[in-house]
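The structure under discussion appears below in the form of structure tokens.
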Amino acid sequence: MSMITVSPAPHDHTQETVKKLMYGVLIALVPASIVSVIFFGVGTIILILTSMLSCVAFEYLIQKYILKNESTISDGSAMVTGLLLALCLPADIPFWIVIIGSLVAIGVAKMSFGGLGNNPFNPAIVGRVFLFVSFPVQMSTYPKPLQNWFAYTDAATGATPLGMMKEGIKNNETISDIMSKVPDYIDMFLGKMGGSAGEISAIALIIGFIYLLARKIITLHIPISILLTVVIFTGILWKSDPARYADPLFHLLSGGLLLGAIFMATDYVTSPMTASGMWVYGIGIGIITVLIRVFGAYPEGVQFAILIMNAFVPLINKYIKPARFGERLKNE
Amino acid sequence: MLKTFRKGGIHPEENKITAGKPIVDLPVPPVVILPTLQHIGTPATVLVKKGDKVKTGQMIAAGEGFIAANVHSSVTGTVTRVDKFTDASGYKRMAIEIGTGADEWMDDIDTGPGLVREISISIPEIMVRIWDKGIVGMGGATFPTHVKMAFPRGKKASILIINGAECEPYITADHSLMLEKGEEILIGIRIIMDALGVEKAIVGVENNKYDGIENLRKFSDKYPGISIQGLKVKYPQGSEKHLIKSLLGREVPSGGLPIDIGTVIFNIGTMYAVYEAVQKNKPLISRIVTVTGKSLKYPSNFRVRIGTPVSELIKAAGGLPENANKIIAGGPMMGKALNTLEVPVTKGMSGLLVLDDVESGRKPVQNCIRCSRCVSVCPMGIEPYLIMAMVEKEKCEFLDDCHINDCMECGSCSYICPANRPLLDYIRLGKTKLKKRKQALKEAE
């Protein structure tokens with residue numbers, strides 16, 4: 002014994018680290034990425050590589066030349082942002098647009114607030130929304146699934162089920178007319194439909210969800226509260242007028258709802274700290290999503306809903322506190 | 038059905054290496070150091086001087102005041118020094134050093150092996166005996182037992198709770214007592230029940246000591262009113278307030294005591310000490326210490342004379358391994374790291390844990406990623422991340438609103454943090470800062 006360490010308790014520590022959690026999220030996104038490559042071909046590969054590499058590169062460069070602090074790229078959070086950003090973009094989007102999106106996600110939404118842990122808004126969604134507003138044409142056409150594997154930007158494009166729904170409602174078509182045009186639920190469940198690279202396959206996202214839960218990376222609260230709210234809200238609308246409103250299952254399987262609810266709304270940094278806070282947050286996201294989808298101008302609203310509720314998180318944390326031990330008795 | 042508390046808690050690796058190992062008597066060491074403060078309260082007053090000859094069990098320091106405890110010589114020998122010695126807290130405190138000779142016990146102590154079932158003395162005599170024999174809480178907090186037994190005016194206990202949770206990883210001191218001294222423990226409980234006029238007692242034991250539960254149940258039919266309840270293995274199950282919550286479903290109010298909801302709680306080791314004091318007239322001069330660690334050659338449960346230097350225990354367990362880097366008095370969650378092996382075993386030291394250089398290191402602190410794990414594991418329902426941020430930013434005026442003083446320092450938050458943030462260190466700092474701030478405000482008035 003040359004030297005002994007003296008430090009305050011506790012002297013034991015969990016094996017879980019930030020790095021392991023982040024890599025866990027990446028692993029959970031592997032099924033969705035594979036399905037995307039199968040359906041959209043080489044475009045997805047270019048998209049994912051560009052996005053992940055540029056996110057990591059931007060974080061590295063900003064820390065080295067602007068912030069001049071220790072590099073944190075090894076914690077994996079920039080890779081998670083990169084992958085999530087890629088998975089909510091169309092697979093045929095030109096790579097230079099992806100790089101701009103990465104710069105906004107990492108540079109503006111994450112590093113300008115002080116890096117991991119300090120950003121109020123989900124970086125991947127900020128990047129995605131920035132591109133959506135700046136490049137509306139490229140961002141609202143989606144490649145059709147299962148065409149020429151090497152098509153990339155030449156791929157034939159079409160509308161997403163949610164796009165068809167919005168268009169149809171605008172043209173006063175009934176739900177049953179619209180439903181005859183969109184892919185059937187089995188295809189939607191498997192992912193054979195137009196959409197962003199990673200959002201199409203419900204089954205792949207659910208496999209990722211189960212992995213996240215099993216590894217205890219996330220808890221059930223946020224995804225379940227969002228999905229339940231969407232089901233109940235759209236269910237009420239559907240029951241009230243089935244000719245004008247789509248059924249809940251359509252809403253669950255279409256668009257970015259599952260990707261958003263499982264992987265984006267559950268981002269640690271931008272979600273509430275208590276279980277009851279998470280319920281409020283999730284219900285808020287669910288309601289806003291349905292409001293935008295059904296009554297708003299855009300076909301899809303998950304990303305906007307998450308951003309809006311991100312803004313409420315500090316307020317939720319301030320007013321919704323964990324139940325204290327012993328308090329119940331004091332109030333008796 | 039196993040019981041537990043719902044809110045918070047963690048499950049660290051149990052590492053009960055010494056579980057089921059027999060209690061081994063450690064030989065009387067050549068020298069013992071007996072601090073006058075081995076309990077919560079005021080230090081005892083020294084009754085002996087250098088050169089005095091003392092017998093095993095003789096009172097050598099007297100508790101003065103209400104919250105105090107007597108100290109007895111754990112060996113026979115000559116007082117060699119009355120001076121300040123470093124104890125487990127790291128501070129130098131008054132202690133009596135005794136060089137040991139042939140072991141000769143005081144005449145009034147029953148040193149025979151026989152089990153004494155019949156409680157032959159009256160209730161006031163029991164109270165005096167417990168005070169006289171220097172009995173304190175053996176679970177670690179070392180609160181004098183007679184103080185707990187004297188309730189504030191108007192309060193009444195209706196149920197007695199015995200803490201056998203032993204939720205700290207590694208430690209098996211109480212477990213070994215349950216296995217070897219089951220009936221003695223139950224007699225000890227009966228004594229306290231009689232003294233307090235309580236009809237019912239529940240012993241809570243974590244289910245990783247199932248053989249201990251079985252052994253206690255074997256005898257509990259003979260002792261009416263005592264039931265043994267298995268508990269789910271979850272840290273901090275052995276916290277007084279959480280054990281009450283698990284067993285009775287009631288929560289002690291913030292800042293309150295168990296007696297506020299009509300219960301008193303003692304450690305299982307204390308019950309054995311009570312048995313020895315009341316039935317055998319034996320003062321608290323020895324205790325069980327688990328000496329453990331993954332790299333120790335002979336991890337064991339030792340019966341040790343109080344005052345034995347920690348180095349003797351390590352020697353008996355096979356010596357300090359090459360890679361030893363941290364020596365902890367107590368368990369890994371709430372134990373104190375020692376800065377020297379020359380500190381003595383005191384009444385509250387339940388374990389001695391040797392960690393190697395890998396286990397003992399702290400990892401670099403990263404940004405808080407707001408994963409909310411610290412909030413979800415906090416058994417008191419406070420927000421460690423928020424308190425740490427407030428302390429870091431010197432916003433001490435908000436610490437009261439964060440209920441910082443509800444924190445019992447179980448360490449679950451620091452344990453669970455994936456960003457390796459020293460949350461509990463900052464909570465402790467915050468408590469001190471808040472206290473200073475309140476003093477300053479008072480003085481300014």
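Those protein sequence lines, which keep their order, are chains B and X. Terminal number for the first sequence in the numbering used here: 333, no gaps in between. Terminal number for the second sequence in the numbering used here: 482, no gaps in between. Here a beta-carbon is modelled for each residue, glycine too, at the ideal position from N, C-alpha and C.
Have a look at the options and flag the residue whose alpha-carbon is nearest the alpha-carbon of residue i.
i	options	result
B:Ile1	B:Ala10, B:Pro11 and B:Ile100	This structure gives no information on residue 1 of chain B, because the portion of chain B shown stretches from 2 to 333.
B:Ile74	B:Tyr320, B:Ala58, B:Lys182 and B:Cys89	B:Ala58
X:Val165	X:Pro72, X:Val412, X:Glu349 and X:Ala232	X:Ala232
X:Met175	X:Ala426, X:Leu321 and X:Gly356	X:Leu321
X:Glu446	X:Glu434, X:Gly225 and X:Pro421	X:Pro421
X:Val83	X:Ile77, X:Lys373, X:Ala366 and X:Val116	X:Val116
B:Val270	B:Ile227, B:Gly118 and B:Pro144	B:Gly118
B:Ser255	B:Ile317, B:Gln16 and B:Leu228	B:Leu228
B:Leu292	B:Ser277, B:Ile309, B:Gly278 and B:Met279	B:Ile309
B:Gly287	B:Phe305, B:Ala276, B:Ile317 and B:Ser277	B:Phe305
X:Gly171	X:Gly151, X:Lys129, X:Ser111 and X:Ala125	X:Ser111
B:Tyr61	B:Ala92, B:Cys89, B:Leu104 and B:Ile98	B:Leu104
X:Thr469	X:Gly344, X:Val85 and X:Asn442	X:Asn442
B:Ile317	B:Thr290, B:Gly102 and B:Gly283	B:Gly283
B:Thr290	B:Gly257, B:Ala276 and B:Ser113	B:Gly257
X:Ala194	X:Val235, X:Asn244 and X:Ile70	X:Val235
X:Gln266	X:Pro295, X:Ile250, X:Ser276 and X:Thr123	X:Ile250
Using the DSSP secondary-structure output, state which residues sit across from residue i in a beta bridge.
i	result
X:Leu197	X:Ala238 and X:Val301
B:Leu238	None; B:Leu238 has no bridge partner.
X:Ser337	X:Val328
X:Arg118	X:Glu134
X:Asp62	X:Arg340
B:Tyr143	B:Gly159
X:Trp142	X:Thr93
X:Gln266	X:Gly241
X:Leu392	X:Lys363
X:Tyr272	X:Ile47
X:Val412	Bridge partners of X:Val412: none, in fact.
X:His109	X:Met96
X:Ile70	X:Glu134
X:Ser323	X:Arg342
X:Pro80	Looking at the DSSP assignment, X:Pro80 forms no beta bridge with any residue, so it has no partner.
Kindly give me the distance between the Cβ atoms of residue i and residue j, rounded to whole angstroms, as I take these residues to be in contact under 8 Å.
i	j	result
X:Ile281	X:Ile198	6 Å
B:Ile207	B:Leu213	Actually they do not touch by this definition, with Cβ atoms about 10 Å apart.
X:Ala132	X:Thr73	6 Å
X:Val270	X:Glu51	7 Å
X:Ile504	X:Ile163	Residue 504 of chain X lies beyond the residue range present for chain X, which begins at 38 and ends at 482; the question has no answer from this structure.
X:Lys363	B:Thr6	5 Å
X:Ala456	X:Cys405	6 Å
Can residue i be considered in contact with the ligand SAH, in the sense that its beta carbon sits closer than 7 Å to one or more heavy atoms?
i	result
X:Asn245	Absence of the ligand SAH is noted for the structure shown, with no ligands found whatsoever.
Is it a yes or a no for the region 53 to 65 of chain B touching the region 158 to 178 of chain B, going by three-plus beta-carbon pairs under 8 Å?
no
Between the region 309 to 321 of chain B and chain X, which residues of the former have a C-beta closer than 7 Å to a C-beta of the latter?
none
Got a sec: which bits of the region 278 to 312 of chain X sit with their beta carbon under 9 Å from any beta carbon on chain B, in order along the chain?
Lys278, His279, Lys282, Arg287, Glu288, Val289, Pro290, Ser291, Gly292, Gly293, Asp297 and Ile298
Are the region 243 to 260 of chain B and the region 375 to 393 of chain X touching, with three or more C-beta to C-beta distances below 8 Å?
no
Check whether the region 201 to 208 of chain X and the region 102 to 111 of chain X touch, using three or more Cβ-Cβ pairs below 8 Å as the test.
no
Are there three or more Cβ pairs, one per stretch, closer than 8 Å when the region 77 to 85 of chain B is compared with the region 16 to 27 of chain B?
yes
contact_flag[the region 220 to 233 of chain B, the region 36 to 56 of chain B] where n(CB pairs < 8 Å) is 3 or more:
no
With a threshold of 8 Å, are at least 3 pairs of Cβ atoms found where one atom belongs to the region 156 to 168 of chain B and the other to the region 177 to 186 of chain B?
yes
Along the region 344 to 363 of chain X, what residues have a CB closer than 7 Å to any CB found in chain A?
Of the protein chains in the structure, B and X, none is chain A.
Touch test, the region 294 to 309 of chain X against the region 185 to 202 of chain X, Cβ-Cβ under 8 Å, three pairs minimum
Remark: three or more beta-carbon pairs, one from each stretch, lie closer than 8 Å, so the region 294 to 309 of chain X and the region 185 to 202 of chain X are flagged as touching.
Would you check if the region 467 to 474 of chain X and the region 429 to 440 of chain X touch, i.e. whether three or more CB-CB distances between them fall below 8 Å?
yes
Does the region 334 to 344 of chain X come into contact with the region 399 to 408 of chain X, if we say contact requires no fewer than three beta-carbon pairs (one atom in each stretch) closer than 8 Å?
No: fewer than three Cβ pairs fall under 8 Å.
The region 128 to 138 of chain B / the region 95 to 114 of chain B touching (three or more Cβ pairs under 8 Å)
yes
Check distances from the C-beta atoms of the region 436 to 456 of chain X to those of chain B and list, in chain order, the residues that come in under 7 Å.
Hits within the stretch, in order: His440, Asp443, Gly448, Ser451, Tyr452, Ile453, Pro455 and Ala456.
Taking beta-carbon pairs under 8 Å, can you tell me which members of the region 15 to 28 of chain B lie near chain X?
Thr15, Glu17, Thr18, Val19, Lys21 and Leu22
Against chain X, which members of the region 263 to 274 of chain B pass a CB distance test of less than 7 Å?
Tyr269, Val270 and Met274
Contacting positions in the region 70 to 84 of chain B - beta carbon closer than 9 Å to chain X
Thr73, Asp76 and Ser78
Three CB pairs or more closer than 8 Å across the region 274 to 288 of chain X and the region 449 to 460 of chain X:
no
Could you run through the region 65 to 95 of chain X and flag, in chain order, every residue whose CB is less than 7 Å away from some CB of chain B?
none
Between the region 390 to 410 of chain X and chain B, which residues of the former have CB atoms less than 9 Å from a CB of the latter, in chain order?
Leu390, Leu392, Asp394, Glu396, Ser397, Gly398, Arg399, Lys400, Gln403, Asn404, Cys405, Ile406, Arg407, Cys408, Ser409 and Arg410
Taking contact to mean at least 3 C-beta pairs separated by less than 8 Å, is the region 342 to 355 of chain X in contact with the region 322 to 330 of chain X?
yes
Taking any Cβ of chain B, which residues in the region 193 to 210 of chain X have a Cβ under 8 Å from it, in chain order?
Pro206
Contact list for the region 38 to 67 of chain X against chain B, Cβ threshold 7 Å:
Lys44 and Pro49
Looking at C-beta atoms only, is the number of pairs between the region 264 to 278 of chain B and the region 130 to 139 of chain B that lie closer than 8 Å three or more?
The region 264 to 278 of chain B is not in contact with the region 130 to 139 of chain B.
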